[in-house]
Amino acid sequence: AQSVTQLDSQVPVFEEAPVELRCNYSSSVSVYLFWYVQYPNQGLQLLLKYLSGSTLVKGINGFEAEFNKSQTSFHLRKPSVHISDTAEYFCAVKGGSYIPTFGRGTSLIVHP
Amino acid sequence: DTEVTQTPKHLVMGMTNKKSLKCEQHMGHRAMYWYKQKAKKPPELMFVYSYEKLSINESVPSRFSPECPNSSLLNLHLHALQPEDSALYLCASSQTGALPEKLFFGSGTQLSVL
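In order, the protein sequences belong to chains A and B.
Following my numbering, the numbering of the first sequence begins with 1 at its first residue and continues without gaps.
Following my numbering, the numbering of the second sequence begins with 1001 at its first residue and continues without gaps.
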């Protein structure tokens, strides 16, 4: 069985400040990890994914995430956010099943 | 073309109506998915088609009926829905459905059942 926990339901931040969105997972097998973003009234779009290799993964729009096996975490970071980053962010894991399990989502709210 | 196109974007229907949601992709993907998403919640998987065959049905009520006429099209037929079925319905596709693949999502159909 696999599961994903996104600890924060909402993260408010000021424009140009750094941000970290937290994600922890559990799985009995090796996993693939993903971050998706959903802008208002849109579908989900892949930001980045970890399959294997380097634990620091760079994605689109200046986001990056670090896979930490010992802490079973895959936190998403951006050094300087923009108003346009305001969206819902979903962490997802694929383990034994090829269907991804999504976290509950974190709403990133960027204030001017 | 890297898009998944869903129509209509919005749909309002009564509980006795029959309607269909449509999804189309021309990326040559052989796995297609229907998800249901309530506001402020993650997407919940409903159905998966792999090579035009239904491979996963996540215990969805029979008032939702999927159809995959060919490798580019995916439909969701709706009949006798309940108000609690109101949600955003998302279609997605991936190359083959294998583990590391990313999902490409459409923008969804916002469904309201009155």
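C-beta atoms are modelled at their ideal positions from N, C-alpha and C, and glycine is treated no differently.
As the structure is a prediction and not an experimental result, all values here were calculated from the model.
- Taking a C-beta cut-off of 8 Å against chain A, the contacting residues of the stretch 1043-1062 of chain B are 1043, 1045, 1048, 1056, listed in chain order.
- Against residue 1083 of chain B, chain A offers no close residue; the least beta-carbon distance is about 21 Å (beta-carbon pairs closer than 7 Å).
- Across the structure, residue 8 of chain A and residue 103 of chain A are spaced so that their CA atoms are roughly 11 Å apart.
- DSSP places residue 1019 of chain B inside the beta strand (DSSP E), whose first and last residues are 1018-1025.
- Chain-ordered listing is empty here: chain B has no CB closer than 7 Å to the CB of residue 78 of chain A, the nearest sitting near 20 Å.
- Distances from the CA of residue 31 of chain A to each of A:79, A:74, A:86 were compared; the closest alpha carbon is that of A:74.
- At least 8 Å separates the beta-carbon of residue 59 of chain A from that of residue 1107 of chain B.
- Counting only the Cα atoms, residue 1034 of chain B lies some 14 Å from residue 1111 of chain B.
- For residue 49 of chain A and residue 1053 of chain B, the gap between their C-alpha atoms comes out near 27 Å.
- Per the C-alpha coordinates, the member of A:5, A:72, A:25, A:39 positioned closest to residue 110 of chain A is A:39.
- The C-beta of residue 74 of chain A comes no closer than 8 Å to any C-beta of chain B.
- Residues of chain A whose Cβ lies closer than 7 Å to the Cβ of residue 1086 of chain B do not exist, since the nearest Cβ in that chain is about 15 Å away.
- The C-beta of residue 1028 of chain B comes no closer than 8 Å to any C-beta of chain A.
- The C-beta separation of residue 1083 of chain B from residue 1113 of chain B comes to about 5 Å, placing the pair in contact by the 8 Å criterion.
- In the DSSP assignment, no residue is bridged to residue 63 of chain A.
- From the listed residues A:107, A:105, A:72, A:17, the smallest Cα separation to residue 27 of chain A is found for A:72.
- Taking residue 1020 of chain B as the centre and dropping the five residues before and after it, the same chain places the C-beta of 1075, 1076, 1077, 1078 closer than 8 Å to its C-beta, in chain order.
- The beta-carbon separation of residue 1105 of chain B and residue 1094 of chain B, rounded to 10 Å, does not stay under the 8 Å limit for a contact.
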